[in-house]
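The letter at position 149 of the sequence shown is residue 149 when you use full-length UniProt numbering, and the numbering goes up by one with no holes.
The beta carbon of each residue, even a glycine, is placed where N, CA and C say it ideally should be.
I have placed the structure first, in the form of structure tokens, so that the comments after it can refer back to it.
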Amino acid sequence: MASVALDADPADLVSMRGHVTALLAEFLDRKARTAAAHELPSEITETLRDFLLFGGKLLRPLLCVTGWHAAGSNGGLRPVLQVAASLEMFHAFALIHDDLMDDSATRRGRPTVHRVFTARHTGGHSERAAAHFGAGAAILIGDLALAWSDELLHTAGLAPRQLACVLPHLDAMRTEVMYGQYLDLLTAGRPTADVDAALTVVRYKTAKYTLERPLHLGAALAGADRTVLGACTDYALPLGEAYQLRDDLLGVFGSPAQTGKSALDDLRDAKATVLIALALQAASPAQADRLRALIGNPRLGEDGATDVA
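As structure tokens, then:
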């Protein structure tokens with residue numbers, strides 16, 4: 001496995017990002033060699049490698065290391081980094097499936113996984129058959145990332161006590177993000193002026209998943225008590241909500257070169273964001289009708305987006 005310098009500073013986030021990336025690269029290299037030895041298709045590990053190693057911020061792994069460091073840095077750094085890598089592998093699963101559910105064309109400035117495999121299957125097949133193949137391949141690759149995230153966790157060399165402390169937080173994170181994703185699906189296409197409902201989606205899909213639980217996982221590895229875990233929550237939830245609110249703004253007003261996706265995606269999908277809820281609250285009846293006519297239109301263009309803005 002990738003080596004970590006004995007004097008590596010967990011507060012050096014650039015260095016920690018490099019170590020997590022190296023762990024993921026080495027893990028995927030081993031999986032690629034195993035696939036080749038069994039004459040299995042190489043494109044699965046190749047696609048997952050491209051998805052994981054290029055363009056991601058590694059925010060959750062870095063927060064996991066930060067939580068461990070903040071709670072006292074008890075134990076070795078190497079197992080913590082592998083747990084952090086398992087979070088990034090889980091995140092790949094979540095994003096691949098999320099992109100498929102939204103039928104997003106790009107992620108991090110590149111074609112999404114289901115679009116990559118749709119394009120692979122285009123020659124000699126109908127458009128519908130190619131899209132069906134792309135969707136199926138993306139589901140399987142996402143499922144594989146989920147399985148491999150478990151493998152990374154369970155081969156991290158954690159003491160039984162550490163694993164027992166970590167698993168409840170990991171189970172909670174997975175449950176919460178699935179409910180958040182379902183709420184996102186449930187409210188998509190139905191723009192609402194209900195800010196509280198939009199904030200509930202933010203809390204479960206982003207604030208808890210992106211910030212609170214990674215901090216909890218890292219802190220639990222260091223043996224954190226309830227007071228420390230509570231402090232992590234008090235810090236993480238408001239910051240996570242702010243992070244998602246900023247992302248919602250970028251989703252409408254940001255440059256695709258900056259965000260890695262079309263500025264029209266959220267509007268075409270009629271995402272029930274806090275931004276849209278506040279706009280509907282502030283709108284006159286005529287303006288609200290116009291907004292509802294534009295938001296959710298799959299053919300919405302730049303002119304329509306300008307009207308929304």
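The continuous alpha helix (DSSP H) containing E88 extends over residues 77 to 102. Residue pairing by DSSP puts T106 in a beta bridge opposite P111. In this structure, L77 places its C-beta atom within 8 angstroms of the C-beta atom of P10. With contacts defined as CB atoms closer than 8 angstroms, L250 and Q258 qualify as a contacting pair. N297 and L221 have their C-alpha atoms spaced approximately 47 angstroms apart. Excluding five sequence positions before and after L229, the CB atoms of its chain that fall closer than 8 angstroms to its own CB belong to H216, A219, A220, given in chain order.
Residue C232 holds the alpha-carbon nearest to the alpha-carbon of G67 among R174, C232, V202. Comparing alpha carbon positions, the residue from A164, L275, P285, H125 closest to A242 is L275.
A direct Cα-to-Cα measurement between V177 and L167 gives close to 15 angstroms. In the structure shown, I295 adopts coil according to DSSP, grouped into three states.
At a Cβ-Cβ threshold of 8 angstroms, A272 and A207 do not count as neighbours. DSSP, reduced to helix, strand and coil, places P168 within a helical segment of the structure shown. Taking a contact as a CB-CB distance under 8 angstroms, the pair Y209 and Y179 does not count as one, their CB atoms being some 10 angstroms apart. A residue is called buried when at least 16 other Cβ atoms come within 10 angstroms of its Cβ; G189 does not meet this threshold and is exposed.
Taking L24 as reference, the option from K57, M101, Q82 with the minimal CA-CA separation is Q82.
The C-beta of Q162 has 16 or more other C-beta atoms within 10 Å across all chains shown, which makes the residue buried. Inclusion of P79 and L158 in the CB contact set at 8 angstroms is warranted, their separation being smaller than that value.
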